[in-house]
Amino acid sequence: MFKGITKRWIINTFGMIIAVITLLVIGLGISVQSLCYSSIEQSILNRNSELSAVFPGYKCESTLDFQNTASKYVEDFLYKENMELMVINASGRVIVTSTGFEPDEGVSMPDYEDALESESSFAQWTGELSSGEDVMAATHIIRNSNGTSVGAVRYVVSLRKADLYTLVVTLVAIFIGLIIIACVAFSSRYFIRSIVKPVREMSATAKRIAQGDFDAKLDKMYDDEIGELCDSINDMAKELDASEKLKNDFISRVSHELRTPLTAIKGWAETMQYGVPDRVTLEKGMSVIVKESSRLTGIVEELLDFSKLQSGRLTMQMQKIDILAEVDEAVYMFKERALSEGKHLLYDDPEIMPPVYGDRNRLKQVFINIIDNALKYTPESGMVGVQVYQDFKENMIKIIVADNGCGIATEDIPKIKDKFYKANQKVNGSGIGLAVADEIIKLHNGTLEIDSSLEVGTTVTIGLPIYANQDEDAQSSLPAQINDITKE
Numbered sequence: 100m101f102k103g104i105t106k107r108w109i110i111n112t113f114g115m116i117i118a119v120i121t122l123l124v125i126g127l128g129i130s131v132q133s134l135c136y137s138s139i140e141q142s143i144l145n146r147n148s149e150l151s152a153v154f155p156g157y158k159c160e161s162t163l164d165f166q167n168t169a170s171k172y173v174e175d176f177l178y179k180e181n182m183e184l185m186v187i188n189a190s191g192r193v194i195v196t197s198t199g200f201e202p203d204e205g206v207s208m209p210d211y212e213d214a215l216e217s218e219s220s221f222a223q224w225t226g227e228l229s230s231g232e233d234v235m236a237a238t239h240i241i242r243n244s245n246g247t248s249v250g251a252v253r254y255v256v257s258l259r260k261a262d263l264y265t266l267v268v269t270l271v272a273i274f275i276g277l278i279i280i281a282c283v284a285f286s287s288r289y290f291i292r293s294i295v296k297p298v299r300e301m302s303a304t305a306k307r308i309a310q311g312d313f314d315a316k317l318d319k320m321y322d323d324e325i326g327e328l329c330d331s332i333n334d335m336a337k338e339l340d341a342s343e344k345l346k347n348d349f350i351s352r353v354s355h356e357l358r359t360p361l362t363a364i365k366g367w368a369e370t371m372q373y374g375v376p377d378r379v380t381l382e383k384g385m386s387v388i389v390k391e392s393s394r395l396t397g398i399v400e401e402l403l404d405f406s407k408l409q410s411g412r413l414t415m416q417m418q419k420i421d422i423l424a425e426v427d428e429a430v431y432m433f434k435e436r437a438l439s440e441g442k443h444l445l446y447d448d449p450e451i452m453p454p455v456y457g458d459r460n461r462l463k464q465v466f467i468n469i470i471d472n473a474l475k476y477t478p479e480s481g482m483v484g485v486q487v488y489q490d491f492k493e494n495m496i497k498i499i500v501a502d503n504g505c506g507i508a509t510e511d512i513p514k515i516k517d518k519f520y521k522a523n524q525k526v527n528g529s530g531i532g533l534a535v536a537d538e539i540i541k542l543h544n545g546t547l548e549i550d551s552s553l554e555v556g557t558t559v560t561i562g563l564p565i566y567a568n569q570d571e572d573a574q575s576s577l578p579a580q581i582n583d584i585t586k587e
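Per our numbering, the sequence shown starts with residue 100, numbered consecutively.
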């Protein structure tokens, strides 16, 4: 019944409340009793101070004079209802009391005995009588001029009323404390349920999501941290659902991408297996096999790079390089393809450009990927332009690849560099090439920006920092997955 959050709350909060109330009740009882006892003590002291007017200087010359004066003092005593006044003779026997009853013989009077030995001739005592009654008593010894005791006056106050008053106040405090505890328990029951119930629902929903039920949703019951957590779990389910769909689309696309070249290779291999074709057909078949094998290799390498990217093992072999040479090679690779597809590949080749610090092969991989995408999405007779220039303001080399193809919708641009995402499903591709390219550029402290409009075209701008001597010093501080190329 009591476990988890409820158990911790009862042990910590509710237990603390009970402990505090208990201490307050005990403290109140002790304080009230102390206050009552102090009031009684002060009353006794006041009466004792009045005694000096009855016996000037607390002295009396003879025993007979003491007994007469003390008897008259008892008769005129105004506080008989609250306090008992006793007159004790020189031998220690009570001879007169304000109640009119003689006390039991042999009654204990510790205050009288202490007063006899005290230099001030005064002593107090709080204790229990033989009858079981708690009292507070004070005795003042009356002496003659020689210092000999001629008798004593004793004040005795019962503590029964004070103890009863203390008990009543304590019981009232306990009753109020129980009401407070009951109110706290009632309100806390609602509060705990308002936390435990949603948490249990969240736990159940999270388990459903973990099992692949991404349609599981939580109803937002409160507009607070619990509500925010519900929103977060719902958003997580949506993101996981979207990621799952992207992953499934990715697997489907990759399967198709792999099956297409494999089908071509298998078909031409079977053709050659069942008979040697003529020279023209043989050359055509071998050309298809080589081309599709290269395409298959590219797909596999792209998948391997993506796997390394996901596990943080994408390595960089950093060095000072001529960026124009890498761009030239990438453009040259696509010249024949552009001509065969009836597209125009234009390259504005500057004469000289400052070097950059990076991985030659990885950067070429990025340029190839960007130009390949531009040609894919550019229709026949379309144009793809490549430009390299130095941005003096940002101290970077900018490589621009622009096309007048189908373009990308505005809502797709923020997601276009996400893994598995593919804006145009009609064109072949795995959807991870741009994600890998973006990560490679980031590892070079560069930028990859995309600007596009539907039916207008797309412009990809790559920015790479210009080489500086400190780049080589910075290389020694790069993470191991970038700097240690021997592990690749």
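A virtual CB, placed ideally from N, CA and C, is assigned to each residue, including glycine.
### Closest residue to N333 among A305, D348 and D323 (Cα-Cα distance)
A305
### Task
May I have the straight-line CA-CA distance separating I139 from V119, to the nearest angstrom?
30 Å
### Query
What are the start and end residues of the alpha helix (DSSP H) that includes S248?
Where S248 is concerned, there is no enclosing alpha helix (DSSP H), although the beta strand (DSSP E) it sits in stretches over S248 to S257.
### Proximity of I499 and T557 at Cβ, strictly below 8 Å
no
### Task
Please name the residue, chosen from Q489, N243 and R107, that lies closest to P155 on a Cα-to-Cα basis.
N243
### contact_flag[the segment 412 to 425, the segment 457 to 465] where n(CB pairs < 8 Å) is 3 or more
yes
### Limits of the beta strand (DSSP E) - the one that Y446 falls within
H443 to D447
### Task
Could you have a look at M371 and say whether DSSP puts it in helix, strand or coil?
helix
#### Entry: Nearest-angstrom Cα separation, counted from A473 out to A501
7 Å
#### Entry: Proximity of V483 and K442 at Cβ, strictly below 8 Å
Yes.
### Query
What separation, rounded to the nearest whole angstrom, lies between the Cα atoms of K365 and T380?
15 Å
#### Entry: Start-to-end residues for the beta strand (DSSP E) that takes in N74
The displayed coordinates of the chain run from 100 to 587. Any statement about residue 74 would go beyond what the structure contains.
### Query
If you draw a straight line from the C-alpha of N245 to the C-alpha of V153, how long is it?
19 Å
### Query
From V173 to F200, what does the alpha carbon distance come to, in whole angstroms?
13 Å
### Message
With a threshold of 6 Å on Cβ separation, who are the neighbours of N544 within its own chain once the five nearest residues in sequence on each side are excluded?
### Response
P564
### Task
Assuming I539 contacts T546 (C-beta within less than 8 Å), just tell me the rounded distance between them.
Not confirmed; about 12 Å, so no contact.
### Task
Tell whether a beta-carbon distance below 8 Å holds between L462 and E425.
yes
### Task
Can you grab the Cα-Cα spacing for the pair A536 / D511, in whole Å?
18 Å
### Query
For T546, which residues does DSSP report across the bridge?
G562
### Query
DSSP on V430, reduced to helix/strand/coil?
helix
### Message
Taking 6 Å as the limit between beta carbons, can you name the residues of its chain near K586, skipping five residues before and five after?
### Response
For K586, the pLDDT reaches just 33, beneath the cut-off of 50, and the residue's location in the model is therefore unreliable, although a value from the coordinates is still provided. Once the five neighbours on either side are set aside, K586 has no close Cβ partner at all.
### Message
On the CB-based measure, 16 or more other CB atoms within 10 Å of its CB, does R253 come out buried or exposed?
### Response
buried
#### Entry: Sequence-distant residues of its chain with Cβ nearer than 6 Å to I485 (five each side left out)
In the sequence as presented, Ile is not what sits at residue 485; that position holds Val. If we look at V485 and ignore the five residues flanking it on each side, its Cβ neighbours are V430, Y446 and V500.
### Message
With a threshold of 8 Å, are at least 3 pairs of Cβ atoms found where one atom belongs to the segment 127 to 146 and the other to the segment 260 to 273?
### Response
yes
### Message
Quick check: the Cα distance between Q489 and D427, rounded to an integer number of angstroms?
### Response
Q489 and D427: Cα-Cα distance of roughly 16 Å.
### Query
Quick one: what does DSSP say A501 is sitting in, helix, strand or coil?
strand
### Neighbourhood of L328 by C-beta distance below 7 Å, restricted to the same chain and skipping five residues each side
M301
#### Entry: Limits of the unbroken beta strand (DSSP E) element including Q223
F221 to E227
### Query
When we look at the beta-carbon of R107 and count the other beta-carbons within 10 Å, is it buried (16 or more) or exposed?
exposed
### Query
So, helix, strand or coil for Q416, using DSSP?
coil
#### Entry: Whole runs of the beta strand (DSSP E) within the segment 140 to 189, excluding any shorter than 3 residues
183 to 188
### Span of the beta strand (DSSP E) around Q486
Membership of Q486 in the beta strand (DSSP E) is indicated by the continuous run M482 to D490.
### Message
My output table needs one value for R358: the three-state DSSP class, helix, strand or coil.
### Response
helix
### Query
Based on Cα-Cα distance, which residue from Q372, T362 and K407 lies nearest to K390?
T362
### Query
Does the distance from the C-beta atom of I109 to that of A237 stay below 8 Å?
For I109 and A237, no; Cβs fall outside 8 Å.
### Task
Kindly give me the distance between the Cβ atoms of D233 and A222, rounded to whole angstroms, as I take these residues to be in contact under 8 Å.
The pair is not a contact, with the Cβ atoms about 18 Å apart (cut-off 8 Å).
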